[in-house]
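Here's the structure we're looking at; comments come further down.
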Amino acid sequence: MLLKRRDEINVEQWDECIEQSSQSTIFAFSWYLDITTEDWWAVIVEEKGKYVWVMPFPIKKKLNYYYIQMPVYCPELGYFSTVASSEQLFSNALQLIQQEVRYCISYIGNQHNNFGNSVFYEDVTIDLNKSWEEIYAQFSKDKKTNYKRAKKYHQNMYSSDDPTALVQLFIKHTIPRIGDVNIKDAETIIPQLIATSIEKGKGELYYTRYEDKEDAAAFFFRHQNKLHYFLNSADEQQRKRNGRMYILSKIMEDNSDKPLTFHFGAYIKENSLDDYSMNVRPYFEGFGVKKITFPALEWNHLPIHINAIHQLKKAIYKILY
5 MLLKRRDEIN VEQWDECIEQ SSQSTIFAFS WYLDITTEDW WAVIVEEKGK
55 YVWVMPFPIK KKLNYYYIQM PVYCPELGYF STVASSEQLF SNALQLIQQE
105 VRYCISYIGN QHNNFGNSVF YEDVTIDLNK SWEEIYAQFS KDKKTNYKRA
155 KKYHQNMYSS DDPTALVQLF IKHTIPRIGD VNIKDAETII PQLIATSIEK
205 GKGELYYTRY EDKEDAAAFF FRHQNKLHYF LNSADEQQRK RNGRMYILSK
255 IMEDNSDKPL TFHFGAYIKE NSLDDYSMNV RPYFEGFGVK KITFPALEWN
305 HLPIHINAIH QLKKAIYKIL Y
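Every number in this note's numbering is 4 more than the matching position in the sequence shown, counting from 1.
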C-alpha cells in the first residue's frame, strides 16, 4: 500500500480499477478528478502489476499545510476495490493519508463504503426498473401539477453538446441562490466536464426553449446502472413553465422499465438544518424517492496556533454573513 501523488499514478491502471470495482462511480475516474480538483493524491494497493484497491483524495494547500476538501463538482469519492478485503484496507489507508494531511474539512465516500463512523450524507434515488405509470404514481400532488403544467408549455426538448446556455443560466440564476460557488470555476470546469463526458459517452445535456431562447437546462451523467441528475438551471422569469420538471420527467419516462437507478444528487449532510438542506430535501421527496447514505470523514490535527487562526476566521465570517 502506497500513497502516490498525481504524477506518480498510472491513469490506465487507475481507470481500469475504477471501472471494474464494485463501488464504481463516474466521479472517481482520472479525467474527472483532473478536471474538478486542484490536485489529487491516492492510496493505492497493487497486485501483480495491477491496481486492485484505490482511494483518491482531493488536495489543497494553505499556510504550507495540505488539506482535503470535496470539490464543488465532485460530490462523492471513497475507496474502490476489485478484491474482497476492501474494508480491511481502509483503516490502513486512512492512517497513511493522515500522516501527510493533517486537516480534512470534508470527504464523502460512496454508498458502498464503510468508514465505521457516525458522519453521513444523504442522496435520494428512484428505481427506474418499473413502468412510467408506476413512477409517476409516486409523485406528490404538487409534482403532478407541475408536470402537467410543464407538458402544457413544453411539447418537446432537445439534446445538445454545447454547454454555453447552461453555464449562462447557472451563473445568472443558480449561483446567486446557492452561493459559495466561484464563477470563473463554473465558466471553465462545467464546459470541460460536459465536453469530456459526452465524448466518452457518459454525459447527456438537454434544453427547453421559449421564444427562441433556452429557458431551462439539465445535465446528466450515465455510468453503468446509474443516471445522475448532476447540473440544472432555469430562467427565473420562466420558472412557471417548469422546463426543468419537463426534462427531468422525460428522462425518467424514456428510461423507465430499465435496470437503472436515478440519483438526484442532493448530497445533504444527515440531519442538517441549513437553508439548502431544508429546501432541497422536501423538493426531492416529492418524487416519492428513497434515501441512500454516504459515509464521510472529517479530522483536524493542525497545530494549536493554526487552529486558533482558523477558528477566528470562521467566527468573523459568521458575524459578517
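Here a beta-carbon is modelled for each residue, glycine too, at the ideal position from N, C-alpha and C.
Source: prediction; values computed, not measured.
Candidates the options, of which the one nearest residue i by Cα
i    : options                   : result
Y211 : L197, F225, I194 and R248 : R248
Y125 : T40, R106, E274 and R285  : E274
P263 : I187, R10 and L132        : L132
E51  : W18, D146 and F225        : W18
P195 : Q172, T178 and S144       : Q172
T168 : A190, G292 and G183       : A190
Y69  : E104, A46 and I175        : E104
V76  : P60, L93, K217 and L37    : L37
F225 : E208, N14, D216 and L81   : E208
L6   : F94, E16, K188 and Y111   : F94
A220 : I139, L67, F174 and Y140  : F174
D11  : C21, S34, T265 and N121   : S34
T200 : H232, K176 and D165       : D165
Identified DSSP bridge partners for residue i
i    : result
R213 : E218
I296 : D127
N236 : A222
S163 : Y210
Cut-off 6 Å between Cβ atoms - residues of its own chain near residue i, not counting five sequence neighbours on either side
i    : result
L235 : F223
H305 : R106
S163 : Y210
Cut-off 8 Å between Cβ atoms - residues of its own chain near residue i, not counting five sequence neighbours on either side
i    : result
H227 : S28, T29, I30 and K206
Under the three-state DSSP convention, the category residue i falls into
i    : result
L324 : Unreliable positioning characterises L324 in this predicted model, as indicated by a pLDDT of 43, which lies under 50. The coordinate reading is nonetheless provided below. Reduced to three states, the DSSP call for L324 is helix.
R9   : coil
M256 : helix
F288 : helix
R106 : coil
T86  : coil
L204 : According to the sequence displayed, residue 204 carries Lys and not Leu. If DSSP states are grouped into helix, strand and coil, K204 belongs with coil.
Y157 : helix
F266 : strand
N150 : helix
Y111 : strand
K273 : strand
L231 : strand
E302 : strand
Contacting residues, own chain, Cβ-Cβ under 7 Å from residue i (five flanking each side not counted)
i    : result
Y214 : Q242 and R245
Complete runs of the beta strand (DSSP E) confined to the segment 8-76 [at least 3 residues]: Entirely contained in the segment 8-76, the beta strand (DSSP E) runs reaching 3 residues are, in chain order, 44-51, 54-66 and 69-73.
Secondary structure, alpha helix (DSSP H): runs of 4+ residues fully inside the segment 169-197: Listed in chain order, they are 179-182.
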